[in-house]
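Trainee: Right, I'll just put the structure down here and ask away after.
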Amino acid sequence: MKATLAGNYIEVRDCYFEKDIIKTVPGRRWDPKKKTWILPVTIEAIERLKMIPGYIDVNIQNKYIELKQLKSKTTTIKLAEKVEPIEPMPIKIKPFQHQIKAYNLALINSNFALLMEMGTGKSLTSVAIASRRFLRGEIKKLLIVAPTSVCPVWPKEFEAATIPYEVKVLEGAIEKRIQMLDSFKAEGLWIAVINYEATWRMIDALLAWKPDMVIADESQRIKNPSAQQSKAMHKLGKIAKYKLILSGTPVQNAPLDFFSQYKFLDDSIFGTSYYAFRARYAIMGGYGGHQVIGYNRLDELIQKAHSIAFRITKEEALDLPEQIDEIRYCELEPKAAKLYKTIKEESYAELEAEQEITTRNILTKLLRLQQITGGYVNTDDGTQKQVSKAKLEALKEIVADIVEAGKKVVIFARFLPEIQAIRELMNELDIQYSWIAGEVPIKERGEKVSQFQEDPNCKVFIAQIQTAGLGITLHAANTAIFYSLDFSYANYEQARARIHRIGQKNNCTYIHLLAKNTVDEHVMKALQKKEDMAKMVVDNWRIYLK
17 MKATLAGNYI
27 EVRDCYFEKD
37 IIKTVPGRRW
47 DPKKKTWILP
57 VTIEAIERLK
67 MIPGYIDVNI
77 QNKYIELKQL
87 KSKTTTIKLA
97 EKVEPIEPMP
107 IKIKPFQHQI
117 KAYNLALINS
127 NFALLMEMGT
137 GKSLTSVAIA
147 SRRFLRGEIK
157 KLLIVAPTSV
167 CPVWPKEFEA
177 ATIPYEVKVL
187 EGAIEKRIQM
197 LDSFKAEGLW
207 IAVINYEATW
217 RMIDALLAWK
227 PDMVIADESQ
237 RIKNPSAQQS
247 KAMHKLGKIA
257 KYKLILSGTP
267 VQNAPLDFFS
277 QYKFLDDSIF
287 GTSYYAFRAR
297 YAIMGGYGGH
307 QVIGYNRLDE
317 LIQKAHSIAF
327 RITKEEALDL
337 PEQIDEIRYC
347 ELEPKAAKLY
357 KTIKEESYAE
367 LEAEQEITTR
377 NILTKLLRLQ
387 QITGGYVNTD
397 DGTQKQVSKA
407 KLEALKEIVA
417 DIVEAGKKVV
427 IFARFLPEIQ
437 AIRELMNELD
447 IQYSWIAGEV
457 PIKERGEKVS
467 QFQEDPNCKV
477 FIAQIQTAGL
487 GITLHAANTA
497 IFYSLDFSYA
507 NYEQARARIH
517 RIGQKNNCTY
527 IHLLAKNTVD
537 EHVMKALQKK
547 EDMAKMVVDN
557 WRIYLK
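In this note's numbering, the protein residues as written are 17 to 562.
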């Protein structure tokens, strides 16, 4: 036969007179050494070959039947009103209906995209999928690649798994990360979590580790096919048998954003050449014909992308709880971390030396520490000095994703220097915003709120917790970010209520930015217990300063 199945590709030879048909197959490429056309193993490619009499053999025909059956199963699951897991989900938490659908779809497709909006539980769904593949004996090594602020969240997500596992977040110098990668010993699933920036810097070690499954969390981070981290992920995609991409906003700027993510996930969908992909789906023009001025065949592009994807928004996920909490972490830079440690030790020593310890003294010292995690310290001359940009960098990623998805967001912060820094960041990102802090006159605050609520171009509202925690409605957004937290549970609850109001039609998501191993985590724990730190610190102050 002139066409044969060769792993994940179809090799086509001796097709000089039929090459015009071959050239209609998306994702095809010519191998000059073998003098052979290489086609992806897709329904579309095989249907093109069937147009040429005598070109396909029984193996390709059987593969065609298998792909058609898989497509039918996928469609049936997507359209079902209610589904049960095709195999029990190995997690301790009861899943929602949309999570069961995503779980089933990902188990019948080796490579799958969970295009689930923030707050719909794509991480927990991924835990269930990976755990089931482990129980099936399909995987032993799982690599999760995520933004830096999300990496520390994954060990907490796996606490819901019912399988044995060992998880390591690869941090520090590259040499240290490689050592951690080689130190797995426990029984169960081995899980390595790493940020995108480090992935390309240690790609050889990751390839040598040979992960059986790779999860690309917030996969829009690899939308640029020429970026180093994208190229690294493409290499990992070639060796991993199972892959997931997770993203609530896979298309941030243009439909072409799909290409690089799917080149990692399954290059049979859009092929391996960005230029061929662009030529098919984009209309080029402008100076020298190098600018994208429009798009072609968008229906085809969407159909192909969704053939191995499940999409759900918070509006569509009807069984979600009304309020969802997420935590994102950042790590203070070495200088800031050293300063934090010094002030913490000094505060501890001062309190130990005091004859009478008062709530005010303790809270003042904790406040100083909290100012550092937000990026600022007070100098001797009464001004504020910036000592860290860790939270700002994490905030930048989160806000960009939300705004580029066409959503609005409220950002709460405690301190005025933080408010100013966030405003400057919005200006840098060219994002229109409104804001309220203590310095904004009361008579102007109503106008500030109306601007955010009514102007579709005003995407961000920046609010000082103490000032904007009462009496205003901000339900044009269903997501709020707590850049820093007040010690008062009452203030915290009032701030949350700004978006969770009468008239809010969607579930609300609250994202908390915490600096790792700092007072931020203590404050968050207290608020989660619905406790005011001011009522706790006298008897337990050592907890917060150790």
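Here a beta-carbon is modelled for each residue, glycine too, at the ideal position from N, C-alpha and C.
Would you mind listing the beta strand (DSSP E) stretches within the stretch 354 to 427 that are 3+ residues and don't spill past its ends, in chain order?
Mentor: Runs of the beta strand (DSSP E) lying entirely within the stretch 354 to 427 and spanning at least 3 residues, in chain order: 392 to 394, 400 to 402.
Trainee: Just to confirm my understanding: we take isoleucine 438, look at its own chain, exclude 5 residues before and 5 after, and list those with CB closer than 8 Å. What are they?
Mentor: Leu408, Leu411, Ile427, Ala429, Ile478, Tyr499
Trainee: Between Gly264, Phe326, Pro69, which lies nearest to tyrosine 119 when the distance is taken from Cα to Cα?
Mentor: Phe326
Trainee: In terms of alpha-carbon separation, which member of Phe503, Ser199, Asn443 lies closest to valine 476?
Mentor: Asn443
Trainee: Thinking just about the alpha-carbon of each residue, which of Arg217, Ser165, Leu123, Glu347 is nearest to the one in leucine 260?
Mentor: Leu123
Trainee: Enumerated in chain order, which unbroken segments of the alpha helix (DSSP H) with a length of 4 residues or greater are wholly contained in the stretch 277 to 305?
Mentor: 283 to 286, 290 to 297
Trainee: Identify, in the order they occur along the chain, each residue of the same chain with its Cβ nearer than 6 Å to the Cβ of threonine 329, setting aside the five sequence neighbours on each side.
Mentor: Glu133
Trainee: Take every Cβ of the stretch 544 to 557, pair it with every Cβ of the stretch 515 to 526, and state whether three or more of those distances are shorter than 8 Å.
Mentor: Taking a cut-off of 8 Å for Cβ pairs, the stretch 544 to 557 and the stretch 515 to 526 do not touch, as fewer than three such pairs fall below it.
Trainee: Apart from the five residues on each side of it in sequence, which residues of its chain come closer than 6 Å, Cβ to Cβ, to valine 419?
Mentor: Excluding positions up to five away in sequence, the list reads Ile447, Lys475.
Trainee: Looking at tyrosine 9: is its Cβ nearer than 8 Å to the Cβ of glutamate 537?
Mentor: What is shown of the chain runs 17 to 562, which leaves residue 9 out entirely.
Trainee: Determine the closest residue to isoleucine 219 out of Ile309, Leu501, Leu252, with distance taken between C-alpha atoms.
Mentor: Cα-wise, what sits closest to isoleucine 219 is Leu252.
Trainee: Ordered along the chain, which non-local residues of its own chain (more than five positions away) have a Cβ less than 6 Å from that of lysine 320?
Mentor: Ile285
Trainee: Would you grab the beta carbon distance between histidine 114 and threonine 136 for me? Rounded to a whole angstrom, and I think it's under 8 Å.
Mentor: 7 Å
Trainee: Helix, strand or coil: how does DSSP classify tyrosine 71 here?
Mentor: coil
Trainee: Taking Cβ positions, are isoleucine 37 and methionine 67 nearer each other than 8 Å?
Mentor: yes
Trainee: Within 10 angstroms of the Cβ of lysine 562, are there 16 or more other Cβ atoms? Answer buried if so, exposed if not.
Mentor: exposed
Trainee: Need the endpoints of the beta strand (DSSP E) that phenylalanine 128 sits in, please.
Mentor: 127 to 132
Trainee: Rounded to a whole number of angstroms, what is the C-alpha to C-alpha distance between proline 350 and proline 433?
Mentor: 21 Å
Trainee: Among residues of its own chain, excluding the 5 on either side of aspartate 417, which ones have a beta-carbon nearer than 8 Å to its beta-carbon?
Mentor: Only Met134, Glu234, Gln236, Gly264, Thr265, Gln268 meet the Cβ criterion.
Trainee: Report, in whole angstroms, the separation of the C-beta atoms of methionine 229 and arginine 149, which I expect to be a contact under 8 Å.
Mentor: 6 Å
Trainee: What are the boundary residues of the alpha helix (DSSP H) that leucine 223 is part of?
Mentor: 219 to 225
Trainee: Rounded to the nearest angstrom, what separates lysine 424 and alanine 492 at their Cα positions?
Mentor: 7 Å
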